[in-house]
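Reading through the structure tokens given below for one structure.
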Amino acid sequence: FGSEEVWLITVPSSSPPTAALPLYATVQIQFDQNPEDIGMKLKNRLDGTVLFDRPISSYGKSLAGQTTHEVIPIYSTNTGDQTYRFTIEDNNKDGLCCSNGYGSYELYIGDDMEGQPLLSGSIFNSKETWLIEVPFSSPPTATLQSQDGDIYATVQIQFDQYPEEISMKLENILSGDVLFDRPTSSYDKSLAGQTTHEVMPIYSKKRGDQTYRFTIEDSHGDGLCCSNGYGSYELYIGD
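Numbering (this note's numbering), first residue to last: -4 to 234.
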């Protein structure tokens, strides 16, 4: 934390003391071969407070190809709905993948990394920005903000009763790069019957014509419908 961290402690007369714990955001980042090119920032949009800032050159060359974690205190939901902007940038304008190694990043709400990340990425140009909303009474959401020249593919999937059996992958046929990968067990049982979205940055049109392979699998061999619920999936080009 910065200069201070404040806890609200309630001491009732008839039960042990309790504390209202703050929230955390956890970023897991696997660097490519040039970690010194990477910078990250998390800012509260409502009051303008910068809660986390790692400028370009904060990460040393020794972290090339390595994975590290950043745990960031954010506002408790007791303070009401909150909105944040998370930005990751690359000074070399080639993102974390794929010309200089295969890196990626994930952000979770919480100080551990169980279940599905709130957001993730790998391929971008100079930067990628997410709008994160953390409501008081509903689950947090993240929306990828468009950058000039970027293209996105969006998958909307409604799970049957066994989301943990589903996996998805998007590959670029021309380069062989895996642009998105959610292996089996990436989706938690709590998503049964629910609908979620995955936004995947893909190559800019400036690179010319592109061909991709999208694969969805069910480890149980019965797809998304119909013996275990009525699920479906859709893929859009765009965010």
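Backbone N, C-alpha and C define an ideal beta-carbon position, used for all residues, glycine too.
Practice prompt. Go through its chain and collect everything with a Cβ distance to H215's Cβ below 6 Å, but skip five positions before and after it.
Written response: By one-based count along the sequence shown, residue 215 stands at place 220. Within the same chain, and ignoring the five residues on either side of H215 in sequence, the residues whose Cβ sits closer than 6 Å to its Cβ are E160.
Worksheet item: Taking just the CA atoms, how far does I118 sit from K88?
Response: Your numbering for residue 88 matches position 93 in the sequence shown. Your numbering for residue 118 matches position 123 in the sequence shown. Those two C-alpha atoms are separated by around 10 Å.
Worksheet item: Going by the CB atoms, is the gap between Y147 and V194 shorter than 7 Å?
Response: The count along the sequence shown starts at 1 and reaches residue 194 at position 199. The count along the sequence shown starts at 1 and reaches residue 147 at position 152. Taking 7 Å as the Cβ cut-off, V194 and Y147 qualify as a contacting pair.
Discussion item. I need the straight-line Cα distance from L230 to R40, nearest angstrom please.
Written reply: Position 235 of the sequence shown, counting from 1, holds the residue named residue 230. Position 45 of the sequence shown, counting from 1, holds the residue named residue 40. Near 30 Å, if we compare the C-alpha coordinates of R40 and L230.
Worksheet entry | Assumed close pair T21, M108 - CB separation to whole angstroms, cut-off 8 Å | Stepping through the sequence shown from its first residue, residue 21 is reached at position 26. Stepping through the sequence shown from its first residue, residue 108 is reached at position 113. That pair is a contact at about 6 Å.
Practice prompt. Reducing DSSP to helix, strand and coil, say where S57 ends up.
Written response: On the sequence shown, residue 57 is found 62 positions in, with the first residue counted as 1. Annotated three-state conformation of S57 is helix, per DSSP.
Worksheet item: According to the Cβ coordinates, are A137 and L113 closer than 7 Å?
Response: Locating residue 137 in the sequence shown gives position 142, counting from the first residue. Locating residue 113 in the sequence shown gives position 118, counting from the first residue. Yes; because the gap between Cβ atoms is below 7 Å, this pair is in contact.
Fill in: Coil, strand or helix - D213 by DSSP
By one-based count along the sequence shown, residue 213 stands at place 218. It is a strand residue.
Worksheet entry | Counterpart residues of I232 in DSSP-defined beta bridges | Translated into the one-based positions of the sequence shown, residue 232 becomes position 237. DSSP, once it has assigned bridges, lists A148 as partnering I232.
Practice prompt. Starting from I51, follow its DSSP beta bridges and name the residues at the other end.
Written response: Position 56 of the sequence shown holds residue 51. By DSSP's assignment, I51 forms no beta bridge with any residue.
Discussion item. The ligand MN and Q140: does the residue's C-beta get closer than 6 Å to at least one heavy atom of that ligand?
Written reply: Questions concerning the ligand MN fall outside what the structure shown contains, since it holds no ligand whatsoever.
Fill in: For C221 and S227, believed in contact at Cβ under 8 Å, the rounded distance
Taking the first residue of the sequence shown as position 1, residue 227 is located at position 232. Taking the first residue of the sequence shown as position 1, residue 221 is located at position 226. Not a contact, Cβ separation roughly 10 Å.
Worksheet item: Can S71 and L18 be called in contact, C-beta distance under 7 Å?
Response: For this step, residue 71 is matched to residue 76 along the sequence shown. For this step, residue 18 is matched to residue 23 along the sequence shown. Result yes, Cβ atoms of S71 and L18 sit closer than 7 Å.
Item to complete: Report back the beta-carbon spacing between Y182 and Q111 to the nearest angstrom; my notes put them in contact at under 8 Å.
Response: For the purposes of this step, residue 182 is taken as residue 187 along the sequence shown, with counting starting at 1. For the purposes of this step, residue 111 is taken as residue 116 along the sequence shown, with counting starting at 1. 6 Å between Cβ atoms; contact.
Worksheet item: Quick one: is L102 buried, meaning 16 or more other Cβ sit within 10 Å of its Cβ, or exposed?
Response: Along the sequence shown, one-based indexing puts residue 102 at 107. Buried.
Worksheet item: Which partner residues does P196 have in the DSSP bridge list?
Response: On the sequence shown, residue 196 is found 201 positions in, with the first residue counted as 1. Its beta-bridge partners are Y147.
Item to complete: Return the chain-ordered ranges of every beta strand (DSSP E) run that is complete within the region 160 to 186 and spans a minimum of 3 residues.
Response: Fully enclosed beta strand (DSSP E) runs of 3 or longer: 161 to 167 and 173 to 177.
Worksheet item: Helix, strand or coil: which one does DSSP assign to R237?
Response: A query on residue 237 cannot be resolved here, the shown segment of the chain reaching from -4 to 234 and no further.
Worksheet item: Excluding five sequence neighbours on each side, which residues of the same chain lie with their C-beta closer than 7 Å to the C-beta of R208?
Response: Taking the first residue of the sequence shown as position 1, residue 208 is located at position 213. Setting aside the 5 residues that flank it on each side, R208 is surrounded in the same chain by E166 and I168, each with a C-beta closer than 7 Å to its C-beta; the list follows chain order.
Discussion item. Could you compute how far the alpha carbon of Q151 sits from the alpha carbon of P196?
Written reply: For the purposes of this step, residue 151 is identified with residue 156 of the sequence shown, where counting begins at 1. For the purposes of this step, residue 196 is identified with residue 201 of the sequence shown, where counting begins at 1. Straight-line Cα distance between these residues: approximately 15 Å.
Worksheet item: In whole angstroms, what separates the C-alpha of V45 from that of H192?
Response: As a position in the sequence shown, residue 45 is number 50, starting the count at 1. As a position in the sequence shown, residue 192 is number 197, starting the count at 1. Here the C-alpha atom of V45 lies approximately 28 Å from the C-alpha atom of H192.
Practice prompt. Have a look at the DSSP bridge pairing and note the partners of M35.
Written response: As a working note, residue 35 is residue 40 in the sequence shown. In the DSSP output, where bridge partners are listed per residue, M35 has R49 and I83.
Worksheet entry | Length of the line joining the Cα atoms of P11 and D42 | Indexing the sequence shown from 1 puts residue 11 at position 16. Indexing the sequence shown from 1 puts residue 42 at position 47. Summary for P11: the model assigns pLDDT 48, below 50, so the residue's position carries little reliability; its value from the coordinates is reported in the next sentence. Rounded to the nearest whole angstrom, the C-alpha separation of P11 and D42 is 35 Å.
Worksheet entry | beta strand (DSSP E) segment containing Q25, residue limits | For the purposes of this step, residue 25 is taken as residue 30 along the sequence shown, with counting starting at 1. Its beta strand (DSSP E) spans residues L18 to Q25.
Item to complete: Could you check how far apart the C-beta atoms of N95 and N29 are, in whole angstroms? I think they sit under 8 Å.
Response: For the purposes of this step, residue 95 is taken as residue 100 along the sequence shown, with counting starting at 1. For the purposes of this step, residue 29 is taken as residue 34 along the sequence shown, with counting starting at 1. Contact between N95 and N29 holds, since their C-beta atoms are separated by about 5 Å, short of 8 Å.
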